[in-house]
Every structure is written in structure tokens, then in C-alpha cells.
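When the sequence shown is numbered by my numbering, its final residue is 1616 and no position is left out of the sequence of numbers.
Ideal Cβ positions, reconstructed from N, Cα and C, are used throughout, including at glycine.
The structure presented is a predicted model; accordingly, all values stated were derived computationally and were not measured.
Step one of this worksheet: look at the structure below.
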Amino acid sequence: MLRGIPVSQGVSQGRVIVLNCSRIVPAKAGFEIDDQAEEEARLQAALAETRKQITAVQNRLRDELGAKESMIFDAHLLVLEDPALLEEVHRKVQDEHLTPEYAFYTASEKYAEALSAVDDSYLSERAADIRDVTQRVLGNLMGQPQQASVSDLTEPCIVVANDLTPSDTAQLDPAKVLGFVTEVGSRTSHTAILARSLQIPAVLGLGEAIEELKPGQTVLLDGFNGFVVITPSDQTLFEYGQLVERQTSIEESLDEIRTEPATTLDGHSITLSANIERAGDVEAVRKSGATGVGLFRTEFLYINRPNLPDEEEQFQAYKKVAESLAPEPVIIRTLDLGGDKLLSHVNVAAEMNPFLGWRAIRLCLEEKDLFRTQLRAILRASTFGNLKIMYPMVSGMDELDAANVLLDECREQLRGEGVGFAEDIEIGVMIETPSAAMIADSLAKHVQFFSIGTNDLIQYSLAVDRLNEKIAHLYEPTHPGILRLIKTTVDAGQAQQIWTGVCGEMAGDLVMVPLLIGLGVGELSVVSPMVPRVKKLIRSIEMAKARELAEFALNCDSPSEILARTERLAQEAVPSFFEKSTQRSE
Ligand code: PEP
Ligand code: MG
């Protein structure tokens, strides 16, 4: 039994498939003229090996799924035989004495880039084919035989990978991926957040123990407790079956409160809204019983595609969400690219510290056209419902002012074009940098709401990388430093009569809910599947007790003591939510 960090609840069982999601990018290198023949032979051998591998996959698919599905790999074989590509590679090896790795990579990337620059889905698939084949060739040249990729999945399985980027994860088909396990990663990585949103059980940060997991093994994945059981016994399967039954019956029992308000036992109402990543998620929001959307992470409209979404496409997406949920509010967070969410077509150079780098509002204030396109789309969609705009990663007043200048420019343009928009659209900022919390009193005078992004606020305040499993134990939401920043923000908001919400993962962590509402947070925005449980918990506690807890926490030095107290209050309120162990794992 292996243990990692449980990041997405649920239990699943299936066969392991090992994915290699990291792309090989060879460094520029040459070779001695004497080695010419040897290098060319190496290239030929790698091409032959790649052909053999692709044909083998194709034959397997033909047997399993039929001729039509296996034809996808014809396109891959054609890449390997493409005369223009091969000629260019040979020329680079023969004339420029560049290694076959670098020659193949640069030649193929030139074609792939040209194809992906064209706004055409057929051509962008061809670019993906070229990149897939290139990775296989590079794997063979560099002695790293390629494993399966996200798009190779043909049957339901448990995916095991060193890492999955948020874009890899966004491509996972929940019908094919029963669960996933990674070597690195942590609870508030966007990969973990997506797993919860897609309701795929996941265990991250297994570390080197991941080596134990081999293709074809049957494993049981326990996303409640973070266990991965290799070849589970009948007894284990029986115990987990019971755990799943208990959890399912809890979910069913929550159906009846979906339409009820999120009000505490002593009559204090909390706004409970949902976090979404795609316009299509609105169905889940509606079913969950949430009041609108507290965070629409719009960057997922931009990733996994060869081009940027234009104004019209974004307008349609925002309009759909606004219309489907009207009159409930929908908070659209402007583009938060950077950190762990990267795009190939916005040229973001590799950075030493991407989370401290060219990210979110910083990037948007420089890539003004990109930002204006989004702002115009949001403004245009604002007449179709109750939209609000929220800027991410604000660290000072200047950024807020600069963003509003651009927003005003877009308003002017639209007025000039005779296009309508909601004149009184509300503007808010995320409080997710320590400096934003410290100057919340100033910010509060210029916005209509705050939403605390605890995922980043914690990583920046405690200097703990939110992705790094090695320091996950230091990522403490109950650290007094964090609670004081939350309180400072809430107080600054109240002084200006604006509300403060939390849209980071802390809001959907049942244990943290009493603490947050006790601190005066008025809105919690959580992933849709968690809405019913958070609502039930709010309806089972007294605000008076939550406030006592917050009072205690603000005067306590110890994160673990605070955690124990808030845990106790949450568990006493709804004990069944916390019974997640099987006898085996207790
Ligand atoms: C946060 O930082 O808490 C947040 C909600 O934004 P994201 O997780 O997308 O960075
Ligand atoms: Mg954030």
C-alpha cells in the first residue's frame, strides 16, 4: 500500500497505465565530423524503431476497437515518411553537424508551429500528430522509450504519471480515467483543483514510491485518504465497497437541502457559490444548489488549443454562463495565465519562479490587446445576466487603476460602436498576495467586493510552493499569519461596506468552513460537487460558536491547535462527513 496526498475524493479500481506527459526538448548540440556515419545510423535506427512502435500500437487498436480507430495512427506513420521533413533533418545532420535529436526537433517544430498558427482544427490536429511522433523519435534517440500519452487512452484505467500539467488534466476524459496518481504535486495545484471539478479520484505527491506502480497492475485508489493499494485483496475490496456505499448514501441524503439556503442554525446567511473552469460547467452549478459562480477561471478557455479565443468566442462563453444562471451572480476572473498554467501561443519565457513572475494581471497589463479582447467580451455579455469582473494577483493600487483604465477604454469603444453593456457592472479584486491583504483598506475604496484566493495567499505568505509535495506539510491554512490576513481583509471590506468571500480551496475544505465564517467571510465559492456538503455544514453550526472559534484562533500561536479546534467544531456538526476510513486504513 502506497501513500500520497489525497486531493480528490472517491474510490476507484482499475488497471494502471503509465503516462509520460513531460515533453522532451533537446538542447542544441553538435558532433565531431568523425562521428558523422554513427550519428546518421543512430537516426535511421530511431526512425525504424518508431515505425515499429507505431505499427504495434495500431495493430493493437485494430484488434481492440476496429480498423476505423486505428487509422489515427496512419497520420503518424505519414509524418515519419514525410520527404520535406526528413530532408531537412538529414541536411541539418549532414551539413550543419547538429545532433539528430536537435535536428529532428527543430525541423518538426517548424512545421508544427506553422500548422498550429492557422485557425483550423484539422491542421491543428496535424500539428499535434507531428509533435507526438517527434516525441517518440526523440525518446528512441535518447534512450527514453515513450510511454502512452493522454490521448492514447482507449479503455478505462488508472493513470500514473510523474506529473500532469493543468492542460494535460483538462484533456482527461472522466469516462476513460478512473483515477490518477502522480509523483509530484499537491492539494492546491490546478491539477488537483481540476480533478475535484471533474470528480476524478486522485492521489498526488507519491514521491519515489510511484516506481512501484507498473503498467497492467490492478490497483485500488483511495482519494479520501491518499492510499494506493496494489493488487487489492478481496477483504480490502469489500471494505472499500462499504466506504463507497456510505459516501453514496450521504450524497443522496443531501439532495433535499440543495434548494435550501446556506443559513447557520442561529440565522446567519452565507452566500455559497461555485467555482467553474468552463462554460459547460453551469449545469453542474445549477444541480449543486449553489448561488451563482464565485470564480470563473477563464484561463481554461485559452489552453489546449492552437490559437487564442477571439472576442466573439469569449462573448458566447460568458453570455452562456450569465444567461443560464441569471439572475444569480457570475464572477468572471480575468485571465490568470502563468504559474502552472501556460500557453504555447503567448510567448512566456521559462522563468526561475513562475509563480512570482509574469503572471495574471501583470501579463494582462502588458499584453493589452489580449486583455482588451477579454474585457470587451465580458462587457458585451454583461447585459445577459448578472456578471461581475474580478482581477487576479493584484499586489498594489497601481495595477487596479491600470486595469480600470483599460476597462474604461473598452467601455468607450463599445459606446462608440453602439454596443450595450451593464454600466453598473461590479468590479472586485482577488486578495491573494500578502500586500493586497495589507492594503485592503485602500483597495476597498475602489472595488465592490473582495474574494480571497487562499491558494496563492498561503503560498506567498508562508513562502511555501503550492505545487511542491515535499513541503506540503508546511502549507498550513490555519497558520495565524494567514488568519490575520483574512481578518484584516474582512475588516477593511466591512469598513467600506463591501463583502469579502473566499474562492480558494480553503472554502471547500469542510474543516475550514467554521473558521472562515467565524472570521466574517460572507461568501464561500467552492467546486460544485462540494456545494451540498458545505451547505449542510453551514446549516449545522451556530455562528456564535464559529465566532468564538475565530476569536480563539486570532489569539493562538499554534496552527495545529487552531486546526484541532476547527476540526472538532466541524466534526461535531456533521460527524458522517468525516468517516472516511475503512477499518484497514484506520
Ligand atoms: C487562489 O489562488 O486561491 C485562487 C482561487 O486562484 P487559483 O487557484 O486559480 O490561482
Ligand atoms: Mg490564485
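Mind checking which residues open and close the beta strand (DSSP E) that includes residue i?
| i | result |
| --- | --- |
| serine 1481 | 1479–1482 |
| lysine 1058 | Premise fails: lysine 1058 is in no beta strand (DSSP E) and is neither H nor E. |
| proline 1544 | Careful: proline 1544 lies outside any beta strand (DSSP E), inside the alpha helix (DSSP H) at 1543–1548. |
| glutamine 1043 | 1041–1049 |
| leucine 1504 | Looking at the DSSP string, leucine 1504 is not in any beta strand (DSSP E), and its letter there is neither H nor E. |
| aspartate 1252 | 1248–1252 |
| leucine 1593 | Not the beta strand (DSSP E): leucine 1593 falls in the alpha helix (DSSP H), residues 1589–1603. |
| threonine 1425 | With the sequence shown as reference, residue 1425 is identified as serine, and threonine is not the correct amino acid for it. Run containing serine 1425: none; DSSP gives neither H nor E here. |
| proline 1357 | Unbroken run through proline 1357: none, as it is neither H nor E. |
| lysine 1418 | 1416–1421 |
| threonine 1301 | 1301–1306 |
| phenylalanine 1257 | 1257–1260 |
| arginine 1327 | 1323–1327 |
| methionine 1468 | That residue, methionine 1468, is in no beta strand (DSSP E); its alpha helix (DSSP H) goes 1464–1468. |
| valine 1189 | 1187–1191 |
| alanine 1232 | 1232–1234 |
Given that a residue counts as buried once 16 or more other Cβ atoms are within 10 Å of its Cβ, and exposed if not, what is residue i?
| i | result |
| --- | --- |
| leucine 1386 | exposed |
| lysine 1244 | exposed |
| threonine 1289 | exposed |
| threonine 1080 | buried |
| isoleucine 1063 | exposed |
| proline 1113 | exposed |
| asparagine 1305 | buried |
| glycine 1310 | exposed |
| valine 1520 | buried |
| aspartate 1539 | buried |
| leucine 1599 | buried |
| asparagine 1170 | buried |
| serine 1038 | buried |
| leucine 1108 | exposed |
| valine 1258 | buried |
| alanine 1097 | exposed |
| glutamate 1213 | buried |
| aspartate 1159 | buried |
| threonine 1530 | buried |
| valine 1123 | buried |
| tyrosine 1152 | exposed |
| serine 1606 | exposed |
| methionine 1542 | buried |
| aspartate 1125 | exposed |
| glycine 1446 | exposed |
| glutamate 1536 | For the sequence presented, residue 1536 should be read as methionine rather than glutamate. So methionine 1536 ends up on the buried side. |
For the putative contact between residue i and residue j, defined by C-beta atoms under 8 angstroms, what is the C-beta separation to the nearest angstrom?
| i | j | result |
| --- | --- | --- |
| glutamate 1462 | aspartate 1495 | Not confirmed; about 15 angstroms, so no contact. |
| tyrosine 1135 | leucine 1115 | At roughly 12 angstroms, the Cβ-Cβ gap does not stay under 8 angstroms, so tyrosine 1135 and leucine 1115 are not in contact. |
| isoleucine 1482 | valine 1532 | 5 angstroms |
| glutamate 1329 | aspartate 1366 | 5 angstroms |
| leucine 1545 | leucine 1584 | Their Cβ separation, rounded to whole angstroms, is 10 angstroms, which puts leucine 1545 and leucine 1584 out of contact at 8 angstroms. |
| leucine 1473 | leucine 1417 | In fact, because the Cβ distance is near 20 angstroms, the residues do not count as touching under 8 angstroms. |
| phenylalanine 1480 | isoleucine 1528 | 7 angstroms |
| glycine 1256 | arginine 1033 | 6 angstroms |
| alanine 1411 | lysine 1349 | 4 angstroms |
| phenylalanine 1326 | arginine 1363 | 6 angstroms |
| valine 1055 | leucine 1302 | Not quite, the Cβ-Cβ distance comes to about 44 angstroms (not below 8 angstroms), so this is no contact. |
From what residue to what residue does the alpha helix (DSSP H) around residue i run?
| i | result |
| --- | --- |
| phenylalanine 1210 | Counting along the chain, phenylalanine 1210 falls outside any alpha helix (DSSP H), though it belongs to the beta strand (DSSP E) covering 1207–1212. |
| serine 1197 | 1196–1200 |
| arginine 1276 | 1264–1284 |
| glycine 1511 | 1510–1525 |
| methionine 1172 | From DSSP, methionine 1172 is part of no alpha helix (DSSP H); its letter is neither H nor E. |
| arginine 1026 | Shown here, the chain extends from 1031 to 1616; a query on residue 1026 therefore has no answer. |
| lysine 1122 | 1113–1124 |
| valine 1315 | 1312–1318 |
| aspartate 1037 | Here the sequence assigns valine to residue 1037, which means aspartate is not the residue at that position. Here valine 1037 belongs to no alpha helix (DSSP H); instead the beta strand (DSSP E) covers 1035–1038. |
(request) Flag this pair as touching only if the segment 1494–1514 and the segment 1217–1226 have three or more C-beta atom pairs under 8 angstroms; answer yes or no. (result) yes
(request) Go through the residues and name those whose CB comes closer than 7 angstroms to any heavy atom of the ligand PEP, in chain order. (result) Thr1218, His1220, Ile1223, Leu1325, Arg1327, Asp1366, Gly1369, Pro1422, Met1460, Glu1462, Gly1483, Thr1484, Asn1485, Asp1486, Leu1487, Cys1533, Gly1534 and Glu1535
(message) Taking contact to mean 3 or more Cβ pairs, one atom from each stretch, closer than 8 angstroms, check whether the segment 1509–1521 and the segment 1452–1467 are in contact.
(response) yes
(request) Give a yes or no on contact between the segment 1339–1349 and the segment 1399–1407, applying the rule of three or more CB pairs nearer than 8 angstroms. (result) yes
(message) Measuring CB atoms only, is the segment 1407–1427 touching the segment 1388–1398, in the sense that at least three cross pairs come out at less than 8 angstroms?
(response) yes
(message) Using 8 angstroms as the cut-off, can you tell me whether the segment 1293–1312 makes contact with the segment 1567–1580, which would need three or more C-beta pairs spanning the two stretches below that distance?
(response) yes
(request) Please confirm if the segment 1584–1596 is in contact with the segment 1309–1326, defined as three or more CB-CB distances below 8 angstroms between the two stretches. (result) no
(request) Count the C-beta pairs between the segment 1221–1240 and the segment 1539–1558 that are closer than 8 angstroms, then say yes if the count reaches three, no if not. (result) yes
(request) Indicate whether the contact test is met: 3 or more Cβ pairs, each with one atom in the segment 1113–1132 and one in the segment 1058–1073, closer than 8 angstroms. (result) yes
(message) I'd like to know if the segment 1236–1253 and the segment 1205–1215 are in contact, where contact means that at least 3 CB-CB pairs between them fall below 8 angstroms.
(response) yes
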